[in-house]
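The structure appears right after this line, and notes come after that.
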Amino acid sequence: MAASTTTTDVFQSGKYKTMLITVDTSSSNLKNPPPKPLLIGTPAEVAEEFPVMVLLHGYMMDTSFYSQLIQHVSSHGYIMVAPQLYVASGNDSAEEINTAAAITNWLSQGLAAVLQSQVSANLAKLILAGHSRGGKGAFALALGKSSTPLTLSFSALLGIDPVDGMAACCRNMQTNPPVLTYVPQSFDLNMPVMVIGSGLGEDRKYKIFPACAPKGLNHAEFFEECRSPAWHLVAKDYGHMDMLDDETKGMKGAATYCMCKNGSSREPMRRFVGGAAVAFLRAYFGGDDRDLMALKDTPDIAPVQITVEVRL
Numbered sequence: 181m182a183a184s185t186t187t188t189d190v191f192q193s194g195k196y197k198t199m200l201i202t203v204d205t206s207s208s209n210l211k212n213p214p215p216k217p218l219l220i221g222t223p224a225e226v227a228e229e230f231p232v233m234v235l236l237h238g239y240m241m242d243t244s245f246y247s248q249l250i251q252h253v254s255s256h257g258y259i260m261v262a263p264q265l266y267v268a269s270g271n272d273s274a275e276e277i278n279t280a281a282a283i284t285n286w287l288s289q290g291l292a293a294v295l296q297s298q299v300s301a302n303l304a305k306l307i308l309a310g311h312s313r314g315g316k317g318a319f320a321l322a323l324g325k326s327s328t329p330l331t332l333s334f335s336a337l338l339g340i341d342p343v344d345g346m347a348a349c350c351r352n353m354q355t356n357p358p359v360l361t362y363v364p365q366s367f368d369l370n371m372p373v374m375v376i377g378s379g380l381g382e383d384r385k386y387k388i389f390p391a392c393a394p395k396g397l398n399h400a401e402f403f404e405e406c407r408s409p410a411w412h413l414v415a416k417d418y419g420h421m422d423m424l425d426d427e428t429k430g431m432k433g434a435a436t437y438c439m440c441k442n443g444s445s446r447e448p449m450r451r452f453v454g455g456a457a458v459a460f461l462r463a464y465f466g467g468d469d470r471d472l473m474a475l476k477d478t479p480d481i482a483p484v485q486i487t488v489e490v491r492l
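Per the working numbering, residue 181 is the first one in the sequence shown, and the count goes up by one each step.
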């Protein structure tokens, strides 16, 4: 990679106006509706082709909680597809991983029909991302743990504070299917990976609740098992839910503030996650690594205090 030039524009909104599109499984105007409801963020009012990112939500989260993050990334020229994998779920994540595969396969057949007519999706540049349990699901799908075969290939993987289970009593428990192997660089992914972590994710907010991202099941171990090229960025003073919208409604929304230890504000963490994702994608899809290398060489340009570890 080339030498860096300090830049910070990835942490601000991009040049594209954006729109959010909700797509239901029973949409009567669609010949081929998606397997699950979708929230799609897309550049608007332009006639261009854009890469596509599939974003898998965290445990018991609504896709609407990611609206501001989705719009940030979309404003830099990406189509974001966030499926509502389930409303309620148990410990086993096999079904949602299969569902994520089915939605990925749907993209080539159904995505164009729900976008503005002048906007085109470049499915040759397809990114897989996930937060929390959705991060585990993203790694599982990329590692071929779905029983639903993929008809499209992913070119990059982004884990946003991924978690492979939960802390119960005195030990950690991986949920099915387990992803972490506890063998360094054991993931055979054949694509660049960025793992974003939260410094407060290992801390309990209340003694009666486990940590939201327990040590041994979180971002650190996921990065440890990634082969190069892999990036590991950790926001020191922010928590597991701090990349969500400022306002998350309903009982689930209230839980995002109650269950996990939080930083002082969500806005800086959300801009950091969105900007880091854009810098990563520009480097590996756009051939411009200046923003990503600037984060490595001068991490204080980020809107939050971070540590950076790189395996190139």
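We treat Cβ as the ideally placed atom computed from N, Cα and C, and that holds for glycine.
Model, not experiment: these values are computed from the prediction.
Within the model, the alpha-carbon separation for residue 362 versus residue 446 is close to 31 Å. At a cut-off of 4 residues, the continuous stretches assigned as alpha helix (DSSP H) that sit fully inside the segment 306-371 are 313-322.
In its chain, beyond the 5 residues on either side, 258, 302, 305, 465 have a beta carbon closer than 6 Å to the beta carbon of residue 231. Between the alpha carbons of residue 244 and residue 327 lies a gap of roughly 28 Å. For residue 487, the CB contacts under 6 Å within the same chain, skipping 5 residues up- and downstream, are 414 in chain order. Bounds of any alpha helix (DSSP H) do not take in residue 481, whose DSSP letter is neither H nor E.
As the crow flies, the alpha-carbon of residue 219 is around 23 Å from that of residue 343. Per DSSP, residue 448 lies in no beta strand (DSSP E); the unbroken alpha helix (DSSP H) holding it starts and ends at 446-465. The shortest C-alpha to C-alpha distance from residue 251 to any of 273, 475, 451 is the one to 451. Assignment of residue 252 by DSSP, reduced to helix, strand and coil, places it in the helix class. Per DSSP, the continuous alpha helix (DSSP H) segment holding residue 402 begins and ends at 399-404. Taking 8 Å as the upper bound for CB-CB distance, residue 289 and residue 212 are in contact here, some 5 Å apart. The distance from the Cβ of residue 330 to that of residue 284 is about 6 Å, consistent with a contact at the 8 Å cut-off. Rounded to whole angstroms, the separation of the alpha carbons of residue 470 and residue 479 is 13 Å. DSSP, read as helix, strand or coil, puts residue 440 in strand. In terms of CA proximity to residue 210, 293 leads the group 293, 354, 472, 399.
In this structure, the beta-carbon distance from residue 224 to residue 198 falls below 7 Å. Judged by beta-carbon spacing, residue 311 lies within the 7 Å limit of residue 340, meaning their Cβ atoms are closer than that value.
Taking the C-beta atoms as reference points, residue 337 is found no nearer than 7 Å to residue 360. Taking 7 Å as the cut-off, the Cβ atoms of residue 419 and residue 398 do not count as close. Residue range 470-477 is occupied by the alpha helix (DSSP H) that includes residue 470. Out of 439, 474, 482, 468, the CA that lies nearest to the CA of residue 454 is found in 482. The alpha-carbon of residue 203 is positioned some 13 Å away from that of residue 222. Under DSSP, residue 263 forms a beta bridge with 218.
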